[in-house]
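Encoded as structure tokens, the structure appears first; notes follow it.
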Amino acid sequence: SQKIEQNSEALNIQEGKTATLTCNYTNYSPAYLQWYRQDPGRGPVFLLLIRENEKEKRKERLKVTFDTTLKQSLFHITASQPADSATYLCALERVTGGGNKLTFGTGTQLKVEL
Amino acid sequence: GAGVSQSPSNKVTEKGKDVELRCDPISGHTALYWYRQSLGQGLEFLIYFQGNSAPDKSGLPSDRFSAERTGGSVSTLTIQRTQQEDSAVYLCASSLYNSQETQYFGPGTRLLVL
Numbered sequence: 001s002q003k004i005e006q007n008s009e010a011l012n013i014q015e016g017k018t019a020t021l022t023c024n025y026t027n028y029s030p031a032y033l034q035w036y037r038q039d040p041g042r043g044p045v046f047l048l049l050i051r052e053n054e055k056e057k058r059k060e061r062l063k064v065t066f067d068t069t070l071k072q073s074l075f076h077i078t079a080s081q082p083a084d085s086a087t088y089l090c091a092l093e094r095v096t097g098g099g100n101k102l103t104f105g106t107g108t109q110l111k112v113e114l
Numbered sequence: 001g002a003g004v005s006q007s008p009s010n011k012v013t014e015k016g017k018d019v020e021l022r023c024d025p026i027s028g029h030t031a032l033y034w035y036r037q038s039l040g041q042g043l044e045f046l047i048y049f050q051g052n053s054a055p056d057k058s059g060l061p062s063d064r065f066s067a068e069r070t071g072g073s074v075s076t077l078t079i080q081r082t083q084q085e086d087s088a089v090y091l092c093a094s095s096l097y098n099s100q101e102t103q104y105f106g107p108g109t110r111l112l113v114l
């Protein structure tokens, strides 16, 4: 069966360091992958999309890599700040009989400490 | 604002009652999605509307769940004969055309079934 795995344990890092979050998947051949941020009590907010033919994508302090051989995406936040503390979700396109749709991982909670 | 809105923000109901949750998507967005998020869990896809096509209902967990989208805009998710396991945050999202695009999420409706 198709699976998306994100580290369920919270990631605690110090302000200024680079946070790296992992998204692994099995039995998928996604055309693209998205990363979202979710704050407590709010809906997810889109951050970045990376396509299967792109190895890396950047947006300000964010960087996403996509390795279709390893079936893994890494999400990096450089020069992390306490305001980056949130849960980060990856989402993959899933092909179904009803058409393509996104399937979300369970998310990894990031806590940036002073 | 011009984002996705949902109502009510919180709903407490008794087991066995019916509930209706409302979603107003971003104006002009033809695709609308409903998800469920239980505590510590990822987003569980429920149903997807795209334009005038028949909705993809493949994620609805039982026949107690149904959804409508009137006039290609507002959507209502109905849960009949609610059970305690239905307690969760119900999130609505919309995208411009289809599921291969960024989804914009509403704040969610927190449903508690006593």
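Residue numbers (my numbering), protein chains in the order written: chain A, 1 to 114; chain B, 1 to 114.
For glycine and all other residues, C-beta sits at the position ideal for the given N, C-alpha and C.
Just so it is clear, the structure is predicted and the values come from calculations on it, not from any experiment.
Status (buried if at least 16 other CB within 10 Å, exposed otherwise) for residue 70 of chain B: Working through the second sequence from its first residue, we reach residue 70 of chain B at position 70. Result: exposed.
Residue 112 of chain B, buried or exposed, once every other Cβ within 10 Å from all chains shown has been counted against 16: Along the second sequence, read from residue 1 onward, the residue named residue 112 of chain B stands at position 112. Label assigned to residue 112 of chain B: exposed.
Residue 70 of chain A beta carbon near the ligand MN (any heavy atom closer than 7 Å): The ligand MN is not part of this structure, which contains no ligands at all.
Near-chain B residues of the segment 18–40 of chain A - C-beta to any C-beta below 9 Å: Going along the segment 18–40 of chain A in chain order, one finds 31, 32, 34, 36 and 38 with a Cβ nearer than 9 Å to chain B.
Contact list for the segment 36–60 of chain B against chain A, Cβ threshold 7 Å: So the close ones are 41, 42, 43, 45, 48, 56 and 58.
For residue 33 of chain A, the residue or residues it bridges with in DSSP: Counting from one through the first sequence, the residue named residue 33 of chain A turns up at place 33. Within the DSSP bridge table, the entry for residue 33 of chain A names A:50 and A:92 as partners.
Three CB pairs or more closer than 8 Å across the segment 74–94 of chain B and the segment 4–16 of chain B: For the pair of segments examined, the segment 74–94 of chain B was found to touch the segment 4–16 of chain B: the number of CB pairs separated by less than 8 Å reaches three.
Counted within 10 angstroms of its Cβ, other Cβ atoms place residue 12 of chain B as buried (16 or more) or exposed: Counted from its first residue, the second sequence places residue 12 of chain B at position 12. In the assembly as shown, residue 12 of chain B is an exposed residue. Its beta-carbon has fewer than 16 other beta-carbons within 10 Å.
The segment 77–84 of chain B contacting the segment 24–42 of chain A, beta-carbon criterion three pairs below 8 Å: The segment 77–84 of chain B makes no contact with the segment 24–42 of chain A: fewer than 3 CB pairs, one atom from each, lie closer than 8 Å.
Sequence-distant residues of the same chain with beta carbon closer than 6 Å to residue 24 of chain B, five excluded per side: Taking the second sequence and counting its residues from 1, the one referred to as residue 24 of chain B is at position 24. In chain order, 5 and 74 place their CB closer than 6 Å to the CB of residue 24 of chain B, counting only its own chain and leaving out the 5 sequence neighbours on each side.
Cross-chain neighbours of residue 61 of chain A in chain B, by beta carbon under 9 Å: Translated into the one-based positions of the first sequence, residue 61 of chain A becomes position 61. Simply none; closest approach about 19 Å.
Residue 46 of chain A vs residue 54 of chain A beta-carbon contact at 8 Å: One-based indexing of the first sequence puts residue 46 of chain A at position 46. One-based indexing of the first sequence puts residue 54 of chain A at position 54. The Cβ atoms of residue 46 of chain A and residue 54 of chain A do not sit closer than 8 Å to each other.
Nearest neighbour of residue 44 of chain B, chosen from A:111, A:89, A:114 and A:113 [CA to CA]: Against the second sequence, residue 44 of chain B aligns to sequence position 44. For the residues A:111, A:89, A:114 and A:113, the minimum Cα distance to residue 44 of chain B belongs to A:89.
Residues of its chain near residue 79 of chain A, where Cβ-Cβ distance is below 7 Å and the 5 sequence neighbours each way are ignored: As a first step, residue 79 of chain A must be located in the first sequence, where it is residue number 79. In chain order, 16 and 61 place their CB closer than 7 Å to the CB of residue 79 of chain A, counting only its own chain and leaving out the 5 sequence neighbours on each side.
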